[in-house]
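Colleague: For the sequence shown, counting from 1, position 280 maps to 280 in the UniProt record's numbering; every step adds exactly one. Positions of the beta carbon are idealized from the N, C-alpha and C atoms, including for glycine. Predicted model only: the values in this text are computed from it and were never measured.
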Amino acid sequence: MAISNVHIGPNLKQFVKDAFFLLSGILAAAFGLESFLLPNQFIDGGATGISLLLAEVYEIPLYVLIILVNIPFIFLGYKVIGRQFTIKTTIAIVGLAFVLVTLDFPEVTQDKLLVAVFGGFFLGAGIGLSVRGGGVLDGTEILAIYLSRKMGTTIGDIIILINVLVFMAAAYLLSVESALYSMLTYLAASKTLDFVIEGIEEYTGVTIISDHSEQLRDMIINVLGRGVTIYPAKGGYGKNGAHNEYDVLFTVITRLEIRKLNIEISKIDPKAFVVMSKINDTRGGMIKKRNIK
Numbered sequence: 001m002a003i004s005n006v007h008i009g010p011n012l013k014q015f016v017k018d019a020f021f022l023l024s025g026i027l028a029a030a031f032g033l034e035s036f037l038l039p040n041q042f043i044d045g046g047a048t049g050i051s052l053l054l055a056e057v058y059e060i061p062l063y064v065l066i067i068l069v070n071i072p073f074i075f076l077g078y079k080v081i082g083r084q085f086t087i088k089t090t091i092a093i094v095g096l097a098f099v100l101v102t103l104d105f106p107e108v109t110q111d112k113l114l115v116a117v118f119g120g121f122f123l124g125a126g127i128g129l130s131v132r133g134g135g136v137l138d139g140t141e142i143l144a145i146y147l148s149r150k151m152g153t154t155i156g157d158i159i160i161l162i163n164v165l166v167f168m169a170a171a172y173l174l175s176v177e178s179a180l181y182s183m184l185t186y187l188a189a190s191k192t193l194d195f196v197i198e199g200i201e202e203y204t205g206v207t208i209i210s211d212h213s214e215q216l217r218d219m220i221i222n223v224l225g226r227g228v229t230i231y232p233a234k235g236g237y238g239k240n241g242a243h244n245e246y247d248v249l250f251t252v253i254t255r256l257e258i259r260k261l262n263i264e265i266s267k268i269d270p271k272a273f274v275v276m277s278k279i280n281d282t283r284g285g286m287i288k289k290r291n292i293k
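(1) Considering only their Cβ atoms, is the gap separating Lys-88 from Gly-134 smaller than 8 Å?
(2) With a cut-off of 8 Å on the beta carbons, I'd call Ser-130 and Leu-22 a contact; round off their distance for me.
(3) Can you grab the Cα-Cα spacing for the pair Ile-66 / Glu-245, in whole Å?
(4) Report the option in Tyr-172, Val-136, Phe-105, Val-16 whose CA atom is closest to the CA atom of Thr-48.
(5) Taking three-plus beta-carbon pairs below 8 Å as touching, is the stretch 137-153 in contact with the stretch 53-73?
(6) If contact is defined by three or more beta carbon pairs under 8 Å, each pair taking one atom from either stretch, is the stretch 243-262 in contact with the stretch 219-234?
(7) Might you give, ordered along the chain, the residues of its own chain that have their beta carbon closer than 6 Å to the beta carbon of Ile-209, omitting 5 neighbours on each side?
(8) Identify whether Ser-35 lies in helix, strand or coil by the three-state DSSP scheme.
(9) Can you check which of these residues, Gln-110, Leu-100, Asp-269, Gly-95, is closest to Asp-211 by C-alpha distance?
(10) Applying the 10 Å Cβ sphere with the 16-neighbour rule, what's the burial state of Asp-44?
(11) Leaving out five residues before and five after Thr-86 in sequence, what residues of the same chain have Cβ atoms less than 7 Å from its Cβ?
(12) Does the Cβ of Gly-82 have 16 or more other Cβ atoms within 10 Å, making it buried, or fewer, making it exposed?
(13) Taking just the CA atoms, how far does Ile-220 sit from Leu-261?
(14) Can at least three beta-carbon pairs, one atom from the stretch 100-108 and one from the stretch 166-173, be found at a separation below 8 Å?
(15) May I ask which residues mark the beginning and end of the alpha helix (DSSP H) holding residue 301?
(16) From Phe-121 to Ala-189, what does the alpha carbon distance come to, in whole angstroms?
(17) Using the beta-carbon count (16 or more within 10 Å), is Ser-182 buried or exposed?
(18) For Tyr-203 and Arg-259, I'd like the C-alpha separation in whole angstroms.
(19) For Leu-62, is the classification buried or exposed, using 16 other Cβ atoms within 10 angstroms of its Cβ as the cut-off for buried?
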């Protein structure tokens with residue numbers, strides 16, 4: 001059979017893609033740990049931060065702690081999320097521990113600010129890439145998902161609470177200065193993680209209510225090059241509720257197009273009611289911008 005006739009199924013393509021993201025994430029995180037954080041006694045938030053803190057205090061090898069600290073989260077992940085996620089997470093965490101044992105990355109700098117920023121950058125990139133591969137390198141988010149379901153709080157609130165405890169422990173066991181720099185590391189890591197997962201084209205959903213909906217629809221399609229969905233609606237206000245009918249427009253744009261959209265809306269209807277909300281993910285439809293001739 002000729003090589004050109006070999007058909008690669010979607011399952012194999014997805015497997016190769018996931019494997020690439022997991023491997024890239026492992027290498028990026030290991031580089032951030034060995035070249036920046038470990039030599040300078042800096043930590044991060046979450047399970048990784050707990051592992052780094054215990055490694056500094058008790059002089060236990062980090063590769064051992066990476067596995068031990070995450071074991072409870074792995075079992076919890078199987079219960080909360082599923083089997084495939086647990087397998088990929090186990091591979092990612094064990095792979096990170098293996099790379100920390102076998103590869104020796106050189107220390108890049110001793111400048112504390114650079115260590116905090118770039119250590120967090122590579123660690124966040126590693127965690128983000130592993131998420132895109134279907135697993136995680138840090139089990140804290142699994143715990144946050146579980147607790148948010150049990151306690152009725154948001155995942156973000158749980159993560160913040162966990163990290164506050166980690167940084168308070170760092171201030172007590174290491175030093176206040178180390179804890180403060182570690183907070184910078186965490187901020188750099190979290191921002192990088194968001195960037196890796198969401199990409200540069202962070203999408204925003206825009207809902208527009210206006211008496212000039214037809215002109216606004218035409219502007220969104222022909223000026224911005226975006227698709228638009230139209231919802232028939234009724235409004236209600238006042239004591240008796242005046243039920244005037246109008247069309248509601250909904251479109252999805254990138255954050256780089258927000259200013260242009262606002263300018264165009266103000267030209268057509270300065271009194272238009274506009275609601276914008278961040279969108280974490282999009283699938284199908286007319287998401288990519290259409291070329292305007």
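Modeller: Straight from the coordinates:
(1) yes
(2) 6 Å
(3) 59 Å
(4) The residue with the shortest Cα to Cα distance from Thr-48 is Val-136.
(5) Judged by Cβ distances under 8 Å, the stretch 137-153 makes contact with the stretch 53-73, as three or more pairs qualify.
(6) yes
(7) Val-248, Phe-273
(8) helix
(9) The option with the nearest alpha carbon to Asp-211 is Asp-269.
(10) buried
(11) Cβ neighbours of Thr-86 beyond the five flanking positions: Ile-74, Gly-77, Tyr-78.
(12) exposed
(13) 8 Å
(14) no
(15) The chain is shown only over 1 to 293; residue 301 falls outside these bounds and no answer can be derived.
(16) 5 Å
(17) buried
(18) 14 Å
(19) Counting Cβ neighbours within 10 Å, Leu-62 comes out buried, since at least 16 surround it.
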